[in-house]
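Scroll down for the structure; my scribbles are underneath it.
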Amino acid sequence: MEQRLEELERRLTVAEQRTAQAERQVRSLRLAGLALLATGGALLAARPGLTQAKSKPIKVTKVTAPFQVVDASGRLMMLVESGRPGTSLQLFDSAGRPVVVLGNGEKGGGKVSVSDRTGKVVFTKP
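The following block contains the structure:
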């Protein structure tokens, strides 16, 4: 009986760990999804020609990197840089910490990194 109880406790501990890990991944993916939506919205706002009818001339706003986007109080919200290994876009939280980083991977391709509110990276690919 005691051995069965120990086995059930071990299985419960494993299930709790897996649940906690799954919850962290869901939070990270939600944050990454919100960041991608915000980035897409910012890109659409910066390129009004994409949302206009084809009969109108396309107006494109061109911004040269590096550049920052700040809120009304001057707090950094987004930073676009070009350097090594390539281009990167960073989104910042209200405390000024980078929470989402999109950029070039060191071996080619893209890289996504998401941090929690303490600055700890909770999701990165690749």
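If you read the sequence shown in numbering that gives the first Met the number 0, its first letter stands for residue 0, the second for the next number, and so on.
Beta carbons are placed, not taken as given, at the ideal position from N, Cα and C, and that holds for glycine.
A direct Cα-Cα distance of roughly 21 Å separates Gln67 from Arg116. Here the C-alpha atom of Phe91 lies approximately 10 Å from the C-alpha atom of Val69.
Straight through space, the alpha carbons of Leu7 and Ala64 are spaced by roughly 57 Å. Our two residues, Ala31 and Ile57, have alpha carbons roughly 30 Å apart in a direct line.
With contacts defined by Cβ atoms closer than 8 Å, Gly73 and Thr86 do not form a contacting pair. Per DSSP, the beta bridge partners of Lys124 are Val111.
For Ser87, the enclosing beta strand (DSSP E) starts and ends at 86-91.
Looking at the backbone, the Cα of Glu80 and that of Gln89 are separated by about 9 Å. The Cβ atoms of Lys110 and Lys124 sit closer than 8 Å to each other.
Here Val121 is actually not in contact with Ala34; their C-beta atoms are around 13 Å apart, not less than 8 Å.
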